[in-house]
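The opening residue of the sequence shown carries number 0 in our numbering; numbering runs sequentially from there. All C-beta atoms in this analysis are idealised placements derived from N, C-alpha and C, irrespective of residue type, glycine included. For reference, the structure is listed below as structure tokens.
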Amino acid sequence: MPQPEDTEDDDDAEPANPGDLRSRSRSVLTRGTSTDRTVFFSDAVFAIAMTLLVLDLEVPDGLAPDQVGAALVGQVSHFFSFALSFAVIGSAWLNHHRKFSVIVRYDVRLQVLNLLLLFFVALLPLPTSVLSEYGGTSSPWPVVVYAAVVAGVYSMLDVLWVYAWRAKLMAPTVDRDLYLYVFRGLLPVPLVFAVSIPVAFLMPGNAMYLWLLIIPADLLFHRMFSTPGIRPRQGRAPAA
């Protein structure tokens with residue numbers, strides 16, 4: 000008598016080649032052509048970080064009318080730190096938004112780099128609070144910690160951009176000249192903040208004023224690299 004077929008093993012059988020499934024899962028699940036979820040999640044982190052900044056602004060309760068003015072004056076350093084970090088995060092968000100308008104594909108490495116960027120963004124409210132409380136004192140650490148985090152934010156924006164170009168995750172409208180122009184245009188911010196770190200150990204009370212150099216440095220960089228006569232031409236070689 001013929002034995003009945005064993006169909007139970009069909010579902011539980013081990014794959015013939017587990018390594019093939021691993022490579023298939025990497026190719027199917029770790030890359031794609033829609034960056035919407037990455038952008039939405041990033042937008043949420045940026046928004047929460049910006050909102051947390053305002054928690055440092057407060058006026059004590061129960062003040063007499065003639066004490067309100069002094070209390071507001073006492074918040075000037077807190078407001079300065081809030082406005083500075085709001086501008087930093089807002090500028091970083093605009094930059095991130097523009098980059099992802101031409102980064103049209105993703106892979107797992109791009110997502111990891113984006114998470115590292117968001118790590119620094121989410122961390123920024125902490126050094127902002129330290130800067131508002133102890134900035135301008137004899138301690139270098141408020142400037143050092145703040146500058147390191149901001150340099151981390153803008154460095155990761157450039158790292159993200161470089162990786163997306165090399166991994167061919169960008170729209171075809173981005174050629175090499177445009178890629179280099181955007182890359183170089185972001186360099187003044189992390190460079191100036193990074194330079195202020197050693198200066199803070201020498202002049203802790205004045206090191207933060209170096210950050211004002213970002214404005215002329217940014218104008219200089221954009222003027223240098225947007226002028227056809229100065230900008231190096233590194234386009235793709237014409238096909239034979």
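Give me the Cβ distance between residue i and residue j, rounded to the nearest whole Å; I'm assuming they're in contact under 8 angstroms.
i, j, result
"Leu53", "Gln74", "A small correction: the amino acid at residue 53 is Val; Leu does not occupy that position in the sequence shown. So it is not a contact: roughly 12 angstroms between Cβ atoms."
"Ala146", "Ile196", "5 angstroms"
"Arg222", "Leu168", "Rounded, the Cβ-Cβ distance is 29 angstroms, inconsistent with contact."
"Gly151", "Ser76", "Actually they do not touch by this definition, with Cβ atoms about 23 angstroms apart."
Out of the options, which has the shortest C-alpha to C-alpha gap to residue i?
i, options, result
"Gln110", "Ala48, Ser100 and Phe40", "Phe40"
"Leu116", "His221, Trp210, His77 and Phe45", "Phe45"
"Asp55", "Pro126, Ala163, Trp140 and Gly151", "Pro126"
"Val38", "Asn205, Leu219, Gly135 and Ile102", "Ile102"
Which first and last residues belong to the alpha helix (DSSP H) in which residue i is found?
i, result
"Asp42", "Asp35 to Leu52"
"Phe182", "Arg175 to Gly184"
"Ile213", "Ile213 to Ser225"
"Gln74", "Careful: Gln74 lies outside any alpha helix (DSSP H) and carries neither H nor E."
Are the CB atoms of residue j and residue i within a distance shorter than 8 angstroms?
i, j, result
"Val107", "Thr29", "yes"
"Val194", "Leu209", "yes"
"Val149", "Val87", "yes"
"Phe78", "Met49", "no"
"Pro189", "Asp217", "no"
"Ala70", "Leu62", "yes"
Is it buried or exposed, residue i, if we count other Cβ atoms within 10 angstroms and call 16 or more buried?
i, result
"Pro171", "exposed"
"Ser80", "buried"
"Phe119", "buried"
"Thr32", "exposed"
"Asp157", "buried"
"Gly68", "exposed"
"Val27", "exposed"
"Ser154", "buried"
"Asn113", "buried"
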